[in-house]
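Novice: What follows is a structure written as structure tokens; I'll ask about it next.
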Amino acid sequence: MILKERHQPPEILQLESLLQHVPIVHPRFPQWTEQLRRMSAGFHGEQRVDSLFYEIPIDSPHYFIQDLFIQKPKSSHQIDTVLVTSRFILLLEIKSISGELNFDPQLRQFSRTNKDGSVDGMNNPDDQIRRHEKFVQQFLASQKVSLPVIGVIVFTYPSSIVNSRPKNRIIIQSSGLPFLMDQLLVKYPDELLNTRKTRQLADRLLKLHSLRQLRQIEVPAGLRRGVLCGKDCGGIMNLNWRKWTCDKCSRIDRYAYFETLLQYRVLISPTITNSEFREFTGIQSVATASKLIRIANMPSVGSFKDRIYTIPEEIIKLESISTDLESI
């Protein structure tokens with residue numbers, strides 16, 4: 404059973420929004436593009452592992468927790484995948500890294516050698532998964548539960564070649580997950596918990612999860628304003644006859660500005676006023692802006708003139724709001 408699904412990291416929307424609102428000639432445009440590429444590759448790699456993992460038959464009570472984030476007073480744990488079973492707990496550290504990979508057990512260093520011979524130093528995934536193992540072991544001790552905790556490093560790219568590896572660490576390609584699970588189920592045949600206690604343990608671990616705060620980035624001056632077309636054509640959506648139409652590709656979307664609000668949330672602030680909404684979207688009419696904000700149905704505080712709206716992570720398109728659009 405899946406207790407927590409994996410969702411797209413908000414940093415992806417943040418970078419996508421930034422690249423859409425800054426000119427391509429900006430000196431940091433290539434850097435942001437590369438950041439987005441790496442983050443998207445990592446997320447898609449995790450999704451591929453999820454799909455493969457869900458297809459594996461497991462004949463014991465088991466519960467999946469994806470992207471578990473636990474905030475501690477001075478540190479945090481972000482575990483890509485947790486599988487709680489009645490026999491053991493499996494932790495996955497998923498990496499989408501290509502090239503020749505080397506673990507130095509003495510220096511505790513992890514590096515990648517690229518095709519051109521250049522070498523990149525990276526965070527050591529063995530150290531990362533060790534931290535997570537110790538944390539989960541401490542959690543089990545607090546619950547007075549004894550289960551083996553197994554940390555595994557999973558590489559999603561077939562082009563990842565591991566030349567040297569740390570001792571006593573399971574490292575596999577994602578395609579090897581079914582084989583690994585067969586081995587683990589043979590190695591740990593005993594049901595140490597019943598179904599109720601396994602679910603109870605998984606629920607208690609999930610209760611430790613907290614939302615990861617989106618880190619605000621330094622947004623450059625001179626952002627491109629307006630409701631921008633989401634089809635990468637570079638066009639601007641104009642509001643005419645109760646609908647938004649792109650001035651380049653002629654795409655029509657009655658709720659195109661919802662995406663603009665979400666972009667404002669990840670780029671500027673999770674709250675917005677009527678004047679800030681007008682400035683960011685290019686809408687001049689206060690009355691039109693007020694109607695559009697009302698349709699978005701965002702929670703607010705303050706009086707009419709000083710009202711501040713909180714932009715949610717997702718804006719729901721309700722069927723009932725179509726009648727409100729008729730008045731614009």
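So in the working numbering, spot 308 of the sequence shown is number 711, and the numbers just go up one at a time.
Yeah, the Cβ is synthetic: ideal placement off N, Cα and C, and Gly gets one too.
Where does the unbroken beta strand (DSSP E) through Lys590 begin, and where does it stop?
Specialist: The residue given as residue 590 occupies position 187 in the sequence shown. Lys590 -> not in any beta strand (DSSP E); alpha helix (DSSP H) instead, spanning 580–590.
Novice: Could you pull the start and end residues of the beta strand (DSSP E) that Leu382 belongs to?
Specialist: Lying before the first or after the last residue shown, residue 382 is absent from the chain, which here runs from 404 to 731.
Novice: Along the chain, where does the alpha helix (DSSP H) that runs through Asn677 open and close?
Specialist: Indexing the sequence shown from 1 puts residue 677 at position 274. Per DSSP, Asn677 belongs to the alpha helix (DSSP H) from 677–684.
Novice: I want to know whether the segment 546–563 touches the segment 579–595 - three or more CB-CB distances under 8 Å.
Specialist: Verdict: yes, contact present.
Novice: Within its chain, find whatever has a CB closer than 6 Å to the CB of Leu596; leave out the 5 residues flanking it on each side and keep chain order.
Specialist: The count along the sequence shown starts at 1 and reaches residue 596 at position 193. Closer than 6 Å at the Cβ level, and outside the excluded window around Leu596, lie Ser489.
Novice: Is the CB-CB distance between Leu642 and Tyr658 below 9 Å?
Specialist: Against the sequence shown, residue 642 aligns to sequence position 239. Against the sequence shown, residue 658 aligns to sequence position 255. Not a contact, by the Cβ cut-off of 9 Å.
Novice: Using CA coordinates, which residue listed in Leu422, Lys708, Leu418 is at the minimum distance from Met442?
Specialist: Taking the sequence shown and counting its residues from 1, the one referred to as residue 442 is at position 39. Nearest of Leu422, Lys708, Leu418 to Met442, Cα basis: Leu418.
Novice: Under a Cβ-count criterion, where at least 16 other Cβ atoms within 10 Å of its own Cβ denotes burial, should Arg431 be classed as buried or exposed?
Specialist: Counted from its first residue, the sequence shown places residue 431 at position 28. Per the 10 Å Cβ criterion, exposed.
Novice: Mark Gln619 as exposed unless 16 or more other C-beta atoms lie within 10 angstroms of its C-beta, in which case mark it buried.
Specialist: Within the sequence shown, residue 619 is the residue found at index 216, counting from 1. Counting Cβ neighbours within 10 Å, Gln619 comes out exposed, since fewer than 16 surround it.
Novice: For the structure I just gave you, are there three or more beta carbon pairs, one from the segment 485–501 and one from the segment 461–473, closer than 8 Å?
Specialist: With the cut-off at 8 Å, the segment 485–501 and the segment 461–473 touch.
Novice: Let's test the definition: count the other Cβ atoms within 10 Å of the Cβ of Glu496 and tell me whether it reaches 16, buried, or not, exposed.
Specialist: In the sequence shown, the residue the question calls residue 496 occupies position 93. Looking at its Cβ environment, which holds 16 or more other Cβ atoms inside 10 Å, Glu496 is buried.
Novice: From this set, Gln474, Pro476, Tyr457, which residue's C-alpha is nearest Ile468's C-alpha?
Specialist: Counted from its first residue, the sequence shown places residue 468 at position 65. Closest by alpha carbon: Tyr457.
Novice: Helix, strand or coil for Glu503? Go by DSSP, reduced to three states.
Specialist: Translated into positions along the sequence shown, residue 503 becomes position 100. Here Glu503 sits in strand by DSSP.
Novice: Just the C-alpha distance for Ser653 and His429, rounded to the nearest angstrom, thanks.
Specialist: Locating residue 653 in the sequence shown gives position 250, counting from the first residue. Locating residue 429 in the sequence shown gives position 26, counting from the first residue. Looking at the two C-alpha atoms, the distance is approximately 27 Å.
Novice: Quick one: what's Gly524 bridged to in DSSP?
Specialist: Locating residue 524 in the sequence shown gives position 121, counting from the first residue. Ser514.
Novice: Roughly how many angstroms lie between the CA atoms of Lys651 and Gln666, to the nearest whole one?
Specialist: Position 248 of the sequence shown, counting from 1, holds the residue named residue 651. Position 263 of the sequence shown, counting from 1, holds the residue named residue 666. Rounded to the nearest angstrom, the two C-alpha atoms are 21 Å apart.
Novice: From Thr713 to Gln509, what distance separates their C-alpha atoms?
Specialist: Counted from its first residue, the sequence shown places residue 713 at position 310. Counted from its first residue, the sequence shown places residue 509 at position 106. Answer to the nearest angstrom: the Cα atoms are 50 Å apart.
Novice: Within this structure, are the beta carbons of Leu543 and Leu406 separated by less than 9 Å?
Specialist: What you label residue 543 is simply residue 140 of the sequence shown in a count that begins at 1. What you label residue 406 is simply residue 3 of the sequence shown in a count that begins at 1. Not in contact: Leu543 and Leu406 (Cβ atoms no closer than 9 Å).
Novice: Hey, how far is the Cα of Ser688 from the Cα of Arg645?
Specialist: The residue labelled residue 688 in the question sits at position 285 within the sequence shown. The residue labelled residue 645 in the question sits at position 242 within the sequence shown. Those two C-alpha atoms are separated by around 14 Å.
Novice: Let me know the beta strand (DSSP E) ranges lying completely inside the segment 595–664, each 3 residues or longer, listed in chain order.
Specialist: You should have 639–643, 646–649.
Novice: Figure out for me which residue from Asn700, Leu631, Asn517 has the closest Cα to the Cα of Ile686.
Specialist: Reading the sequence shown from its first residue, position 283 is the one you call residue 686. Looking at the Cα atoms, Leu631 is the closest of the given residues.
Novice: Tell me the rounded alpha-carbon separation between Ser420 and Ser672.
Specialist: Residue mapping note: residue 420 aligns to position 17 of the sequence shown, counting from 1. Residue mapping note: residue 672 aligns to position 269 of the sequence shown, counting from 1. Going from the Cα of Ser420 to the Cα of Ser672 covers about 13 Å.
Novice: Do the CB positions of Ile532 and Leu494 come within less than 9 Å of each other?
Specialist: As a working note, residue 532 is residue 129 in the sequence shown. As a working note, residue 494 is residue 91 in the sequence shown. Result yes, Cβ atoms of Ile532 and Leu494 sit closer than 9 Å.
Novice: Just to check my reading of the structure: Leu439 and His612 have Cβ atoms closer than 8 Å, yes? What is that Cβ distance to the nearest angstrom?
Specialist: Here residue 439 corresponds to residue number 36 of the sequence shown, with the count starting at 1. Here residue 612 corresponds to residue number 209 of the sequence shown, with the count starting at 1. That pair is no contact at about 26 Å.
Novice: For Ala699, tell me which candidate among Leu664, Gln541, Ile711, Lys498 has the shortest Cα-Cα distance.
Specialist: Numbered from its first residue, the sequence shown carries residue 699 at position 296. Out of Leu664, Gln541, Ile711, Lys498, Leu664 has the C-alpha closest to the C-alpha of Ala699.
Novice: Using alpha carbons as the reference points, say which of Leu550, Pro561, Ser499, Lys570 lies closest to Asp507.
Specialist: To locate residue 507, count along the sequence shown from 1; it is residue 104. Per the Cα distances, Lys570.
Novice: Nearest-angstrom Cα distance between His410 and Phe446?
Specialist: Start at 1 with the first residue of the sequence shown, and residue 410 comes out as number 7. Start at 1 with the first residue of the sequence shown, and residue 446 comes out as number 43. Spanning the two alpha carbons is a distance of roughly 9 Å.
Novice: Less than 9 Å separating the beta-carbons of Arg515 and Glu503?
Specialist: Your numbering for residue 515 matches position 112 in the sequence shown. Your numbering for residue 503 matches position 100 in the sequence shown. Contact flag set, yes.
Novice: Just the Cα atoms here: how many angstroms apart are Ile724 and Leu695?
Specialist: Taking the first residue of the sequence shown as position 1, residue 724 is located at position 321. Taking the first residue of the sequence shown as position 1, residue 695 is located at position 292. Confidence in Ile724 is poor, its pLDDT being 49 and thus under 50, which makes the residue's placement unreliable; the coordinate value appears in the next sentence. The straight-line gap from Cα to Cα measures roughly 10 Å.
Novice: I'd like the ranges of any alpha helix (DSSP H) spanning at least 4 consecutive residues and lying wholly in the segment 688–723.
Specialist: Listed in chain order, the complete alpha helix (DSSP H) runs (minimum 4 residues) inside the segment 688–723 are 689–699.
Novice: In whole angstroms, what is the alpha-carbon distance linking Val501 and Arg697?
Specialist: Position 98 of the sequence shown holds residue 501. Position 294 of the sequence shown holds residue 697. According to the sequence shown, residue 501 is Ser rather than Val. Distance between the alpha carbons of Ser501 and Arg697 is about 48 Å.
Novice: What span of residues does the alpha helix (DSSP H) with Val452 cover, start to end?
Specialist: Taking the sequence shown and counting its residues from 1, the one referred to as residue 452 is at position 49. It spans 432–457 - the alpha helix (DSSP H) in which Val452 sits, taken as one unbroken run.
Novice: What are the boundary residues of the alpha helix (DSSP H) that includes Gln423?
Specialist: Your numbering for residue 423 matches position 20 in the sequence shown. Its alpha helix (DSSP H) spans residues 413–424.
Novice: On a Cα-Cα basis, can you pick out the residue from Arg668, Arg681, Lys708 that is closest to Glu717?
Specialist: As a position in the sequence shown, residue 717 is number 314, starting the count at 1. Of the listed residues, the one whose Cα sits closest to Glu717 is Arg668.
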